[in-house]
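The opening residue of the sequence shown carries number -18 in our numbering; numbering runs sequentially from there.
Backbone N, C-alpha and C fix where the C-beta goes; we use that ideal spot for every residue, glycine too.
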Amino acid sequence: MKQLIIAERFFLTIHVISTLFGLAGLLIVLPNPQIIANLPAFGQTVFGWSMAGGGVAYIVFGAIAVALYAYRTLGLWATATFMIPAVFLSLGSELLGTSTGFPFGHYQYLSGLGYKIGGLVPFTIPLSWFYMGLTCYLLARKGFKVVVGSSWFRHWAALAMSAILLTAWDLVLDPAMSQAPVKFWEFQEVGEFFGMPYRNLIGWMGTAAVFMSVGAILWRRVPIVLSRPQLTLPLIVYLTNFVFGAAITVFSLDARFLFPVSLSIALGVIPACVFWWTAGPTLPTEENSPRELASVDSPPSDIPRTPAEILAK
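Below is the structure:
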């Protein structure tokens, strides 16, 4: 367990650092070519490598950090049953979108995000859907106090809020990645909402809702109770990725883009922080009391008890 925690914190740290380095390169170095010209040959080579692989690195590091966190905190079953639907359903949605225009609108990925699956979708894209989707779902699930035996209303409310949190991140991500001087994808149609079509937002909500719903159904018999300290990593990941998109949008685009940034803060950052804070510093064992658990079917015997379940007991 100690080795897992060390590895998890290591990958979280380099995820944050690589994100900040990427911001520095995009916002400071590239707009000032004299900085690059004054670097020694080795420095120019390293900068070239960082620009070529930085987008891949920060996503891969984030996915590894969240996967290790999920395995340590939730267990193998919960991790796998969320990760697999998230990766493959989001990939299917992206492949459909880049080839037909449904559900996001007509767009294409450019270079900088790694090998393209089918020549269309970088392999890092479904990884980002996974790790950001899981962070959003865990925060919203805790915010709506979803436990084994909770009403369907709580489950669906948490799923809806999860999709909103993820789409709120896209409000700063899409302008930063498709309209800033360095582009990673581009829309092939005129977008009504700050350069992106409205159906792109609907596509984000729909894709998130689908793969999160599959994960939630597969989790229905797995007691998961997380405290505020256990939700700190998801919050850090969410805020780090928000800052990446928001900083590029604010400093590279004109003042009108402050509106989607403000909307992202209102719909994403503030709720995420509130959900984290209301989780409480310790595990509320009463949420999954023996009386409540006795009212629902026992988890299948082939599903291992998660660390969170053991603590909750």
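#### Entry: Opening and closing residue of the alpha helix (DSSP H) in which Phe2 lies
-17 to 5
### Task
Quick one: give me the first and last residue of the beta strand (DSSP E) that Glu167 is part of.
166 to 168
### Task
May I have the straight-line CA-CA distance separating Val27 from Ala67, to the nearest angstrom?
33 Å
### Query
What runs of the beta strand (DSSP E), each 3 residues or longer, lie entirely inside the stretch 145 to 207?
166 to 168
### Message
Ignoring anything shorter than 4 residues, give me the alpha helix (DSSP H) runs that lie fully in the stretch 9 to 58, in order along the chain.
### Response
14 to 18, 22 to 55
### Task
Leaving out five residues on either side along the sequence, give the residues of the same chain with a beta carbon under 8 Å from the beta carbon of Ile183.
Pro84
### Query
Which residue's Cα is closest to the Cα of Pro252: Leu70, Leu220, Phe63?
Leu220
### Alpha-carbon spacing of Tyr39 relative to Pro103, whole angstroms
14 Å
### Task
Would you mind sorting Asp155 into buried or exposed? The rule is 16 or more other CB atoms within 10 Å of its CB.
buried
### Message
Quick check on Lys123: does DSSP put it in helix, strand or coil?
### Response
helix
#### Entry: Beta carbon of Ala149 nearer than 8 Å to that of Ala121
no
### Query
In whole angstroms, what separates the C-alpha of Pro204 from that of Phe240?
39 Å
### Message
Can you tell me whether Gln(-16) is buried or exposed? The criterion is at least 16 other CB atoms within 10 Å of its CB, across all chains shown.
### Response
exposed
#### Entry: Closest by C-alpha distance to Leu91, when choosing among Ser109, Ser159, Asn181
Ser159
### Query
Which residue's Cα is closest to the Cα of Phe111: Ala190, Trp133, Val129, Asp235?
Ala190
### Query
Hey, Ile229 and Leu94 are a contact pair by Cβ (cut 8 Å); roughly how many whole angstroms apart?
Not a contact, Cβ separation roughly 15 Å.
### Task
Drop a sphere of 10 angstroms on the beta-carbon of Glu267, count the other beta-carbons inside from all chains shown, and report buried for 16 or more, exposed for fewer.
Low confidence applies here, because Glu267 scores a pLDDT of 43, under 50, leaving its location unreliable; read the following figure in that light. When all chains shown are included, Glu267 counts as exposed.
### Query
Which residue from Trp30, Ala61, Glu(-11), Ala5 puts its Cα closest to that of Ala46?
Glu(-11)
#### Entry: Assigned secondary structure, Pro262 (DSSP; H/G/I helix, E/B strand, else coil)
coil
### Query
Under 8 Å, do Ser194 and Ala260 count as touching if we go by C-beta distance?
no
### For Pro103: DSSP bridge partner residues
Lys97
### Task
Give me the Cα-Cα distance between Glu167 and Leu76, rounded to the nearest whole angstrom.
15 Å
### Query
Taking the beta strand (DSSP E) that Gln89 falls in, what are its first and last residues?
88 to 90
### Query
Which residue comes first and which comes last in the alpha helix (DSSP H) that contains Ile246?
Neither: Ile246 is in no alpha helix (DSSP H) and is coded neither H nor E.
### Query
Looking only at its own chain, which residues have a Cβ that is under 7 Å from the Cβ of Thr0, when we skip the five neighbours before and after it?
Tyr39, Thr221, Phe225
### Query
Taking buried to mean at least 16 other C-beta atoms within 10 Å of its own C-beta, is Leu55 buried or exposed?
buried
### Task
Count the other CB atoms, across all protein chains shown, that sit within 10 Å of the CB of Ala236; report buried if there are 16 or more and exposed otherwise.
exposed
### Within 8 Å, strictly: CB atoms of Gly176 and Thr62
no
### Rounded C-alpha distance that separates Val10 from Ile17
7 Å
### Of the listed residues Gly172, Ser243, Thr105, Pro14, nearest to Gly43 (C-alpha basis)
Thr105
### Task
Sort Met64, Ile217, Leu57, Phe23 by Cα distance to Leu115 and report the nearest one.
Met64
### Pairwise C-alpha distance: Lys164 and Trp137
35 Å
### Query
How would you call Trp257, buried or exposed, if buried means at least 16 neighbouring beta carbons within 10 angstroms?
buried
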